[in-house]
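First to last, the sequence lines map onto chains A and B. Residues in the first sequence are numbered from 0 upward in steps of one, following numbering that gives the first Met the number 0. Residues in the second sequence are numbered from 0 upward in steps of one, following numbering that gives the first Met the number 0. Cβ coordinates follow ideal geometry from the N, Cα and C atoms, glycine included. Scroll down for the structure; my scribbles are underneath it.
2 protein chains.
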Amino acid sequence: MPSDAIRAALIKRLRISSAIAEEDIREIEALPISVRQYPAETAVVRDGERATECCLIVDGFCVRSKTIASGKRQILSIHIPGEIPDLMSLFLHVMDHDLSTLTPSTLGFISHETLQKLHRRSPGIAEMFWRDTLIDSAMFREWIVNVGQRPAPARLAHVMIELRERLRIIGRVDGGNFDMPLTQEQIGEALGITAVHANRVIRQLRQDGIVELNRGRVNVLDERKFQELADFDNRYLHQSPTL
Amino acid sequence: MPSDAIRAALIKRLRISSAIAEEDIREIEALPISVRQYPAETAVVRDGERATECCLIVDGFCVRSKTIASGKRQILSIHIPGEIPDLMSLFLHVMDHDLSTLTPSTLGFISHETLQKLHRRSPGIAEMFWRDTLIDSAMFREWIVNVGQRPAPARLAHVMIELRERLRIIGRVDGGNFDMPLTQEQIGEALGITAVHANRVIRQLRQDGIVELNRGRVNVLDERKFQELADFDNRYLHQSPTL
DNA sequence: TGGCGTCTTTAACTTTTGTTGGAACCGCCA
DNA sequence: TGGCGGTTCCAACAAAAGTTAAAGACGCCA
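This is the structure we're talking about:
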């Protein structure tokens, strides 16, 4: 992938939630990024590690997760191309969770040093990145609500719609279909249920003619029922820069 | 309360997680803050509202929460004196959740305009506040894990220990005792369980000689068992500025 | 192409949690 | 001081979710 295309994905996404000055776009376009390939199911940064660079997803899907003493794992968020899942490591140097790939991924790394300098040069970019971490935080809040208050089928529907909303922005939704490359085990880890129960829920939604999930691909069967079940309000994604 | 004491609480807390320059302390001490009293159980800012100021808790306990269509409420975090629970509203102007008091509270309000100017004058303070919102975010991640993966008794113990760790910093822990002024209904809302089940869990922990909870006061009976149950690792609070 | 490993699917059973309804307790204040 | 409203507490039953175990599907690669 050409170097320009890498930055384009980032800029496109940032534009959704913040207004960017032309000069700041040029700054971002000049950012030194080192690109590396990662296989599926591989740790990028681990809980407890000290990060010295941030990771821009160029291609592929990643997740952030935490594992507790009992060995259970909770997935905290799902990440798609154009996102910087570990931007927080810039100021919270020791990781408090894992970042790992779901699918084979192309990742671009930007050193903390470079980013710090950029912030000093351009307060506008600093604000934009700050805002980005705040939206990240808003998504965690909604994730808490999802896991804490919604019945399992609604949890799944909600995670699916959130993912779809975000994929749509980067042009990755094809009609009623989009990628969600998680195994049922991982879906369970995201929703706070077991894999067996995740399977039950998926079956139920298929039987009720709401959504289908086949080999990492979501196919919406009844958009009306799907939305109603998910109880989704996109306000928490803060996609409008004016608000 | 004298105006100095208000700022002192904030500065004391910020010092825990960030190094502050002397000149920045003077900036904070000069901050115009308008103080107002709030009764217990009162909304400070509501989901959907546009905030124009941030709220510093001078005295009292507050919570952030979200209510879903079905009417169920999820408590996202508990806040104590010295914290600014809605700092995020500086860049995410439309609230995506509620902030309300638990107990009668003294709150200090700082206008967004004032804070924006302060950021421009002092990048150090901007970084410190940014870091503060990132720690907030880290706490949400741990809250997701708590609600998603731990059995109900461990959830309660974990929330209790997190609160105790934070209260200790501001000198509000007295031996094995500290305040946690939530009703059982609210505890349920924090843990993602019903009030009835919250009651069962509290009873269980008392019977097992682990902790007691009486009229908003926590009394630890067996510190060893308490810690073991909670599975608490304070790393996510990022309390060391050097890390 | 056959076999191996991972993922999916399902059933039977157990445990946890939710629901309903009601009694006891407690602080507040008329 | 007596009653009222909000908590706390509890029991019986229902529903949701976890556990265990095993069979089937599927993709990969030797």
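Taking 8 Å as the CB threshold, ARG165 of chain B stays off the interface with chain A. The shortest C-alpha to C-alpha distance from LYS11 of chain A to any of A:TYR235, A:ARG202, A:GLU188 and A:GLY170 is the one to A:GLY170. Listed along chain B, the residues sitting closer than 8 Å to VAL146 of chain A by beta-carbon distance are ILE143, VAL146, GLY147 and GLY191.
Neighbourhood of THR132 of chain A in chain B, by CB distance below 8 Å: TRP129, THR132, LEU133 and SER136, in chain order. The beta-carbon distance between GLY107 of chain A and LEU55 of chain A, rounded to whole angstroms, is 4 Å. This is short enough to meet the 8 Å contact definition. Distances from the alpha-carbon of PHE128 of chain B to those of B:GLN206, B:ASN176 and B:ASP23 put B:ASP23 closest.
HIS78 of chain A is bridged by DSSP to A:CYS61.
Contact note: VAL93 of chain A reaches chain B through ARG234, HIS237, SER239 and LEU242, using a C-beta cutoff of 9 Å and chain order.
Comparing alpha carbon positions, the residue from A:LEU155, A:GLU211 and A:TYR37 closest to THR100 of chain A is A:TYR37. Taking a Cβ-Cβ cut-off of 8 Å, HIS78 of chain B has no neighbours in chain A, whose nearest Cβ is about 14 Å from it. Between CYS53 of chain A and SER88 of chain A, the gap from beta carbon to beta carbon is short of 8 Å. In the three-state scheme derived from DSSP, where H, G and I count as helix and E and B as strand, LEU98 of chain A is classed as strand. Taking all protein chains in view, the Cβ of PRO152 of chain B is crowded by 16 or more other Cβ atoms within 10 Å, so the residue is classified as buried. Taken atom to atom, the span from the alpha-carbon of ASP58 of chain A to that of SER17 of chain A is near 22 Å. Short of 7 Å from the beta carbon of ARG205 of chain B, and not among the five residues preceding or following it, lie these beta carbons of its own chain, in chain order: GLU211. Note on the region 95-139 of chain A: whole alpha helix (DSSP H) runs with a minimum of 4 residues are 111-120, in chain order. In the structure shown, ILE169 of chain B adopts coil according to DSSP, grouped into three states.
Judged by DSSP in its simplified three-state form, ARG216 of chain B adopts strand. PHE225 of chain A places its beta carbon less than 8 Å from that of ALA156 of chain A.
Here LEU91 of chain A carries a coil assignment [DSSP, helix/strand/coil]. Each of A:ARG214, A:SER64, A:LEU190 and A:ASP232 was checked against the Cα of GLU164 of chain A, and the nearest Cα belongs to A:ASP232.
Taking 8 Å as the upper bound for CB-CB distance, GLN73 of chain A and VAL144 of chain B are in contact here, some 4 Å apart.
Boundaries for SER17 of chain B: no alpha helix (DSSP H) harbours it, and the DSSP string shows neither H nor E there. For GLY208 of chain A against ALA197 of chain A, the beta-carbon gap comes to about 19 Å, at or over 8 Å, which does not count as contact.
ILE134 of chain A is positioned such that its CB atom lies no closer than 8 Å to that of ILE32 of chain A. Contact between LEU190 of chain A and ARG140 of chain A fails: their C-beta atoms lie close to 16 Å from each other, not under 8 Å. Taking C-beta atoms as the reference points, ARG216 of chain B and ASN176 of chain B count as a pair closer than 8 Å. Taking 8 Å as the CB threshold, LYS116 of chain A stays off the interface with chain B. As DSSP reads the structure, TYR37 of chain A sits in a beta bridge with A:SER104. Its chain contains THR100, LEU101, THR102 and PRO103 as the residues whose beta carbon lies nearer than 7 Å to that of ALA39 of chain B, once the 5 sequence neighbours on both sides are disregarded; these appear in chain order. Residue-level contact check: LYS65 of chain B touches chain A, since one or more beta carbons of chain A fall below 8 Å from its beta carbon. Residue-level contact check: PHE108 of chain A does not touch chain B, since none of the beta carbons of chain B fall below 8 Å from its beta carbon. With 16 or more neighbouring CB atoms inside 10 Å of its own CB, ARG149 of chain A falls in the buried class. With a 10 Å radius around the Cβ and a threshold of 16 neighbouring Cβ atoms, GLU222 of chain B comes out exposed. With its beta carbon at least 8 Å from every one in chain B, LEU155 of chain A lies outside the interface. With respect to the 8 Å criterion, ASP131 of chain A and LEU13 of chain A are classified as neighbours on the basis of their beta carbons.
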